[in-house]
Structures are given as C-alpha cells and as structure tokens.
Amino acid sequence: MGEKIKSFFAGLWQNIRTFFKKRVWQGFCVNVLYKKFDRYKAWIYLLPAIVLLMIFTVWPIFNTVRMSLLEGYTSMKAVRGVEFELGIGNFTRVLKYKGFINCLKNTVLLTVLTVPISTFLALLIAVCLNSIKWFSRALQTIFFLPYVTNSIAIGMVFAAMFNMILGGGVRPDFVGVVNIVIEAFGGDYINWMNAGSEYWANIVVMTVYIVWNALPFKILILLGGLQSVNKQYYEAAKVDATPRWRVFTRITIPLLSPMLAYVIITGFIGGFKEYSSIVGVFGESMGPAGNHYALDTMVGFIYRAIGNQEGTASAAALILFAIILVVTMINLYVSKKKTHY
Amino acid sequence: MKVELKNLTKIFPSRNKKVGGEVVAVNDFTFTIPDGKLVGLLGPSGCGKSTTLYMISGLQKPSSGQIFFGDEDVTELTPENRGIGLVFQNYALYPHMTVKQNILFPLQNLRGEDRMPKEEMLERAYRVAKLVQIDELMDRKPSELSGGQQQRVAIARALVKMPRVLLLDEPLSNLDARLRLQTREEIRRIQKETGITTIFVTHDQEEAMSISDVIVVMKLGVVQQTGKPQQIYDDPCNLFVAKFLGTPPINVFEGEVRAEKLYIGGAAVLDVPGVEDRAVYVGIRPEGFIPDANGGLRCEVSGVDVMGRDVSIVSRHGAMLTPSVRSIVDADYKLAEGQTEVAYALKPHKVFLFAKDTEERIYFGV
Amino acid sequence: MKDNVTGSSASVKTMRERDMQKVSATQKIVKICVQVALYLFLGVMALIILFPFYWMLVSSVKTMPEYSQSIPSIIPHEWDFHNYVEVFQNEDLLLGQLFANTLFVGVVSTALSLVITVLSAFAFARLEFKGKNLLFAALLATMMIPGELFTITNFQTVHSFGWMHTFTVLIVPFLVSVFYIYLLKQNFQQVPNELYLAAKVDGTTDLKYLWKVMIPLALPTLISITILKMMGSWNSYMWPRLVANDDAHRLITNGLRTAFTSADGVTDVPLQMAAVAVVSAPLFLVFVFLRKYIMKGVSRSGIKG
C-alpha cells in the first residue's frame, strides 16, 4: 500500500516536473515575469536616483519656497508649534538688512572684477599657447595646475604671501613676499589683509586669488575651442594675406564665441557663489582682524543663517537663484546676438 | 528549418505627433520560406523589409500574426530563445573585444544544459572562423580589420551558436563594389556549406537576383511578388516589380491597345491577342528590342554605349515615361554613320502591359 | 652693347632678389620676435601661476626664525623637514584621522555614486519608457539651481533623520549627480544601438550587457567621473562643516582650515604650509598620473568637485 502511494506521488511529481519543465513554465517566465519586468525595468534602474533626488533635491526646492514665504520662519519655532503667517516679509527684511546689502555688494564687485580679467587673461594665454611650437604640452600642464587644488588650502598660501605682522614700531615686524616684491620695485608696503587694512586692498587680494583660481578652467575650454577650429580657415586667410590682428578679430574670436560665452556664463555663476576662496584667505571671519565679515558674500550669508533662521536663508537663497537666473539669461541673450556658430 | 510567416503585421505609432495616427510598416505578410534556402527580401528603403527581418529575429514584436520555425510557434519567444543568428548592417562588432572574444561572446551567454566547456567553445569558434576564412585574424580588434573582414567576423559570430535561421540585414551595403561581388559569392558558399535557412534584406536588386534561391519584393509594407529571381524578372506581376528589377532598368511607354494591336505614339508595334481596347503602360526590357528597318517603334538616337559583349543604344521617343529608351542589342549590330533614327521590332515575351489605374499586369497571348 | 644689356638686366634681377630676400628676412625676424614675445609672456605667466606652489613648498621647509626674517629668502638656507613630521603629530590637526575619514567617505561615495549613475544613464540612453524626455529635462533643470538652496532644507532633513555626525550624512545626500548622469548618458548614446540588439540576440541580459560592453566602452568617462568625485570629497568644505564637524568624522579641508584659525596670535606659517602641502600632495599625484582624464572631464563640466 505504502509503496503504491509512494510510486503514485513519484509519478505525479514526475508529471508535474516535466509539465513545468516544458512550455508552460517557460511561457510563464517569458510572458508574465519577463514582460512585467521589461515594462518597468527602466524605473527599477532609475529608482535609487529618483528616491535620492526626491529627498535631497525636489523636496528642498518646494520647502525653500515654503519657508521663504512664512514670516520669520525658524525651525526652532516650528518645532515648538508656532504658526507662521504667509507673506513676503522674509524677502523685504533680507533686502533691507545692511549685512545682506554688504554681501550683495561684495559678491557683485568680485564677480564683475574677476570675470572680465580672468576671461581676458585666459584668452590671451590660450591664443599664445595655440601659436607656439615647443613646450606647448608642458606649459598647458602648468597652467592647468591651479585647478587641481584645494581652494581653502591654497587660499592659506595666498594669505601667507600677502600677510604682514604689525609690530609696535614704524616698520612691521614681518612682511609677506608680495610686499617684498613691491619694495624691490620701489613702492611702499601695503597692508593687504591684516588689522586696519583697507577694503580695496582686501578686494585686490581676493581678485588676484580668484583670477588665479579661475584661469585653468577657462584656458582649458578656450584652448580646446581654438584647437578644434578648422585649420583651413587660417590657410584661406593666409592665401588672402590677411594681417594677424584681422585674423584674430575676424576669424578666431567669432569661431571661439560659443566657448567664450560658455566660460563667461559659468564664470558669472561661479562668481555669484563665491565663498570658499574667501574663507581660504581670510578664514571664517571673512574679513581682516577687527573688521569681520567685511568680505562676506551671499553664500556666506546663507550658510550662517542655516540652522537658526531658515526663513531668511531661504529668501536669500531664492534671491541668489533669481540673480543667477537673470544674469544667465542676459548672458545667453547677448551671446545669442554676438556668437556665430 | 522551414520558416513560416502568417498574416504578419507591424504598426508603429506615427513619429509626427501633429498628424498622429499610425504607420503600417508591414501589412499582412504571409509567406513560407522553404528549409535550407537563401531568401532575399527586396524593396526600396522604407518598404518594411528590415522590420520583417527584426520581427523574425524577435527584436520587434509583431502587432498581429504569427511566426513559425518548423512547427514551433516562436512569436512570443525572445530573440535568444529562437535560435537565430543576426548580422547587422553595420556589423555591430563589440569594438573593445578581439575577433575571438566577439565570436565566443554568444557561446559564453549560454546557460544550463546548453553551456559547454571552454575547449569546446574555442573549438567551435575556430571551426566557424575557418568557415568564413578569418582564422588568421582571431587576435585582432575590429578596428584593425577591413570592411569585408569585419563582415566575416559578424557572420561568424552569428553562426557560432549554430542557429536554426540566419538573418542578414543589408549584408553588402557597407562594402565597396569589388568586395561586394566577392562577398556575395562568399555568403552563397557559406549558406550552401552550412545548409542553414538564410534570410537577407537588400535594396539592391542585382544583389538579390544574383544569390537568392527565392526573392520577395516588397513595397510600402505589402508583398508584391515572390518567386525565383529569373521567374520574377521574366514575369513581373505589376509595374513596380517590373521597374524595380533589372539593370539597365525596364523602359516604360504610354501606349494604347486597339483591336488587339499595341500602339505606341500612334504606331502599331505589336500584336496583343486577347486584350480589350484600353490605354496602358508598356514596359519593354532593354533586351526586348530588335533593330529592324520595318519595325513600328521609331526612336531618335542620342548615343551608343559599347560594353564589349553587347551594345546599348540610348534613344528618345515621344511616348516614353523613363528618361530615355535604352536597348541592348548584339555587338555585331552597327548604326550607320549619321543615322539619327532607329526602328525596332519587339520580342513579345519581353513586353509587359500594365493597367493605367492599378498598374497591375495585363496578360496577353503570345 | 649686348653685354651691357644682359649686365643691367642681371643687376636688376639681383636687386630684386636682394629686395625679396630683405622682405623675407624682415618677415623672418618679425616671426622670431613674435615667437620670443610669446614665450616670454607665457613664461612670466607660468611663473606667476607656479609661484604660490613654490612658496608653499619653500616656506614649509623653513624654520620659524628664518621664515620671520624681514627679507625672506627665496631659497631656504637649510632644509628643515621637521615640519612634515610635526604635521602628523599635531594634536590640533589629527592629520592621520582626517586622511582616513576623507578617504573612506571618498571611496564609498564614489563607488555608490558610480553604480547609481551607470544604472540611470543606461535607462535614459537605452531604454524606452513613458515620460523619459520630460523626466530628463526636469533633471537638467535642477542643475540651474545653486546648491546652497538645497543645503538649507537638507540640513533639516538629515537632522530629522538623526544622521548628524555620521559618515552617512557625508555620503548619501550627494550620491546622485545629474551632471554625471548627463555625461554618461551622452557617452552611452554614442554606442550604436545595434550592439545592444546584437547582445540581445546573443542572449545577454541587460546587466551583463552593461558590464561587458557599455562600461568598457565608456571607461574613460567613468574614470573622469571617479576622479572628479574623489576630488569633490577631498575639497568639500561647507557641508561637512555644517553636519559632521566632530573629531571622528571631520574631513580634511575642514580640519586644515580650523586647525590654524588661531586668533591674531602668531601663526606657525611653516607648519601650516607643510600641512597644506601634505593635503595638496594626493591631488597632485592624481593629476600627474591621470591628467588626461581630469582635463577631459573638466572640459565638459566646469563644475569643481
């Protein structure tokens, strides 16, 4: 009896196995599992990216707008259950606040100083690099070096170069290498960044550092653009005996204009987000001793408001975004009129 | 392996969103490809021949209809489960792998019972490489090969799994003229040696004619005619097929049938028994002309091309619909000096009549 | 007479030749002058670019008394490497710990980020799904928004997740970079679609195709992304300072800045410079060996870190 049942089940099992081994099982796999998976697999691949973006990118966009529109919003109060009124008070308060105006001034000043200077210098260097025969590679490498640096760390080097220590006497106890060079050319020491230094001197230090830092990227892009210009244009110009300068203004610049537009736009965007280079040179006080936050920027303002005044921070961040957007739009508009593709 | 297509239809949503609607790429394709034959799908670009090939391969799912390999319905199977080999137009060789790795790649994907030991894989790879004569090139990268060699690698990669059906998408279009001749002989030889049912797609009628056992002429998703190459050439079923096949192409005239006589440009040129009176298109193959001073078809000579074996006379006629009238005549035939007109008699079996509205063939007794 | 004629024509000829030579000679001189000027300009600029690096290295091997001389020496009198030893022993800096933290965060976040980027880029480049173009456009649009805007809320979010002062908070929020997805998608799209179809015919799964075909072909871009991402961890300053500024989790840039922010007292500049040199060294090494990839990646980005 037991044997019979055993063999019966064994036979049944065998049947089931062959049944599933054949088409049905395959059909199930192909038609149900595979097709279902096939339809949604793109979303499965995108899942981690989308989840993270939802939390750390999409939600912040909405939340920032929300916080900026709640009068005097802070997370501390929110935790305590305080109700906030809807309004644009955060924006008006930020725009009236002297500290913020100072930030805005510094940011705009540094941007309009550094972008033209660095773009012009980069263009000059790129054109020179493109027209020399030997050492081109080596020089390119040197000019790219500042890119692979830590802007805080090298900021500290610049600080050491501009630094001086004021003793009690007429002459400072110690002066940095920049002032030594100035003295060698017959000038007077300048207090670049220490206590009692003037605003313009601080700005000069930051301009030098930011330009130094911004050059490599611009040179790389512009040189790439120059090298991709079809050599035949230059040969055609040579046949027509076009003078060098005309070749530069009539052929090189127009053909390079998309890259120029690109470095100028990214330069403006980067300029409005200036922060860490100033921290690198001046430290977190963002100004010379005794005059803290003299060189504060918009990003610095936002960071200091994080964690205690979210409403203000959000309003400032949205203002920053608006400025960047407007400046980019203007840039795009101008470049559309001026660039030749 | 016999391949059977039953009412195969493929409908794409229209690319142009403003117009909307659908594009019928393949319409109700029914055809049986006999075992071990070389079949050419022939048609102008956009006629749905590549779509048909992709449906047979399983890369595209038909909107309706069925595909059978032998007696097995493979319509729902994924490409890898169909046992096919596919050679792409641009070969699609993996650029970072050597020839050997490329050929081994399909074998390495086999799972379960089909999985074979490394030695056997190599053995198979070398055997198929020898078949297509690239066994000297196994360690090269695709970029180091000529177009013809890449083509062979692609074929080897398709063959290594010993597919039931081999599919070739425009196999010769990326080769230069000399290589094309050589490669098509090669494809013919490989197909003969392996005996695998092979389907290839081409827009070049010469290519299709020269190597296929059977050709299928397609136009706008609809099959026009199927059959042996010579048979289709000699007996086209409509004007499109007649015009599509043959180099130099067929000459087309406006014509009229009156009292069982064919008139072109007012002159009677041929007896066409059994055809009622009507206006027709007349197709005449270049080799259908016989120079004959008494012939009814009188053309104005504009040039003569001597092509060694035979002579091609280019001429003009008031009723022609093709840019010129081109006839191929015996090399012994010479036009007299200053002769500006040539008269032809016609070979009845090289003359085809087509209805003006449907462009379908009108048969007449010979 | 005849001689005379030929003689004068000959002299005319030589005069013309001489003038031509003169012209070509002046052209040559101008050309050489221009080249000299170019090299002079580039040389001076290169010196200016390099000087901060030189000054950093030179200062770092000076003793404090030598550094404090009123006329600093361009070449140090004696090479004193004890600053480099001291940097690693400094109690304020804890350089070893900083290196370890930064390396850990860099490696983990780069690895995870690569996986996410590859999968997303593959979906966008090769698969068809509803709303693909819209989704991708939306992603690109977020690149316009300055990161500071996100930071305000993200700070609250990680706080409420209880992630403050952990490695998680340094890694997770920045795993997805729309820019890297964009970069890789472009690269993937250059691979002909037929390769994907061929692989399907050969019975390859998507993941195997990715691994065996797409990734090898997109390797240069992946290397670029890896380097840029690692550099990003190395250079990140503000976010780590906000959320994980404790000894156990502090990253290197932060440690460097805070360790030497003494009040207005006398900073040990040589020691500071030695620390800066040590922090910069890995970046330079990466640059020396992988310059090609960095420059390739950067020329398409413009995003630092």
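Chains as they are written, first to last, in our numbering: chain A, 712 to 1052; chain B, 4 to 369; chain C, 383 to 687.
Ideal Cβ positions, reconstructed from N, Cα and C, are used throughout, including at glycine.
Where DSSP assigns a beta bridge to residue i, which residues make up the other side?
i: residue 233(B); result: Answer is none; residue 233(B) lacks a bridge partner.
i: residue 241(B); result: 363(B)
i: residue 652(C); result: Partner(s): none; residue 652(C) has no beta bridge.
i: residue 43(B); result: 203(B), 218(B)
i: residue 264(B); result: 261(B), 274(B)
i: residue 319(B); result: 303(B)
i: residue 313(B); result: 333(B)
Return the Cβ separation of residue i and residue j in integer angstroms, given the expectation that the two are a contact with Cβ distance under 8 Å.
i: residue 1031(A); j: residue 1009(A); result: 5 Å
i: residue 622(C); j: residue 638(C); result: Between residue 638(C) and residue 622(C) the Cβ distance is about 12 Å, and since that is not below 8 Å, they are no contact.
i: residue 442(C); j: residue 602(C); result: About 35 Å; that fails the 8 Å criterion.
i: residue 221(B); j: residue 51(B); result: 6 Å
i: residue 337(B); j: residue 291(B); result: With a Cβ gap of about 20 Å, residue 337(B) and residue 291(B) do not count as contacting.
i: residue 1(B); j: residue 144(B); result: Given a span of 4 to 369 for chain B in the structure shown, any question on residue 1(B) remains unanswerable.
i: residue 431(C); j: residue 856(A); result: 7 Å
i: residue 607(C); j: residue 562(C); result: 5 Å
i: residue 874(A); j: residue 1023(A); result: Residue 874(A) to residue 1023(A), Cβ: 34 Å. No contact.
i: residue 781(A); j: residue 797(A); result: 7 Å
i: residue 97(B); j: residue 595(C); result: 6 Å
i: residue 859(A); j: residue 669(C); result: 4 Å
i: residue 1035(A); j: residue 989(A); result: Not really, about 18 Å apart at Cβ, beyond 8 Å.
i: residue 576(C); j: residue 177(B); result: Their Cβ separation, rounded to whole angstroms, is 12 Å, which puts residue 576(C) and residue 177(B) out of contact at 8 Å.
i: residue 217(B); j: residue 27(B); result: Not a contact, Cβ separation roughly 24 Å.
Which of the three DSSP states, helix, strand or coil, is assigned to residue i?
i: residue 252(B); result: coil
i: residue 798(A); result: coil
i: residue 257(B); result: strand
i: residue 558(C); result: coil
i: residue 1004(A); result: coil
i: residue 2(B); result: In the structure as shown, chain B starts at 4 and stops at 369, and residue 2(B) therefore has no counterpart that could be examined.
i: residue 332(B); result: strand
i: residue 443(C); result: coil
i: residue 1033(A); result: helix
i: residue 37(B); result: coil
i: residue 404(C); result: helix
i: residue 862(A); result: helix
i: residue 301(B); result: strand
i: residue 1019(A); result: coil
i: residue 198(B); result: coil
i: residue 940(A); result: coil
i: residue 419(C); result: helix
i: residue 954(A); result: coil
i: residue 843(A); result: coil
i: residue 568(C); result: helix
Closer than 6 Å by C-beta to residue i: which residues in its own chain qualify, once you throw out the five before and the five after it? Chain order, please.
i: residue 930(A); result: 833, 836, 837, 854
i: residue 1027(A); result: 805, 1012, 1013
i: residue 925(A); result: 829
i: residue 304(B); result: 318, 343, 345
i: residue 720(A); result: none
i: residue 67(B); result: 12
Which residues in the same chain have their Cβ closer than 7 Å to the Cβ of residue i, if we skip the five residues on either side of it in sequence?
i: residue 103(B); result: 128, 141, 142
i: residue 1040(A); result: none
i: residue 39(B); result: 198, 200
i: residue 646(C); result: Low confidence applies here, because residue 646(C) scores a pLDDT of 49, under 50, leaving its location unreliable and the question unanswered by this model.
Which residues of chain E have a Cβ atom closer than 9 Å to the Cβ of residue i, listed in chain order?
i: residue 617(C); result: In summary, chain E is missing from the structure at hand, where the protein chains are A, B and C.
In chain order, what residues of the same chain have a beta carbon less than 8 Å from the beta carbon of residue i, not counting five sequence neighbours either side?
i: residue 553(C); result: 487, 490, 491, 494
task: Give, in chain order, every residue of the region 567-597 of chain C whose Cβ lies closer than 9 Å to some Cβ of chain B.
output: 573, 574, 575, 576, 577, 578, 579, 580, 581, 582, 583, 584, 585, 586, 587, 590, 594, 595
task: Scan the region 79-90 of chain B for residues whose Cβ lies nearer than 7 Å to a Cβ of chain C and list them as they occur along the chain.
output: 82, 83, 87, 89
message: Can you pull out the residues from the region 467-479 of chain C whose beta carbon lies closer than 7 Å to at least one beta carbon of chain A?
response: none
task: Please list the residues of the region 961-985 of chain A that have a C-beta atom closer than 7 Å to any C-beta atom in chain C, keeping them in chain order.
output: 977, 984
field: Residues of the region 503-532 of chain C with Cβ closer than 8 Å to any Cβ of chain B, in chain order
entry: none
query: According to a CB-to-CB cut-off of less than 9 Å, which residues of the region 56-74 of chain B neighbour chain C?
result: 57, 60, 61, 62
message: If the cut-off is 8 Å on Cβ atoms, which residues from the region 773-787 of chain A count as contacting chain C, listed in chain order?
response: 774, 775, 778, 786
query: Relative to chain A, which residues along the region 616-635 of chain C have a C-beta separation below 9 Å, given in chain order?
result: 616, 617, 619, 620, 623, 624, 634, 635
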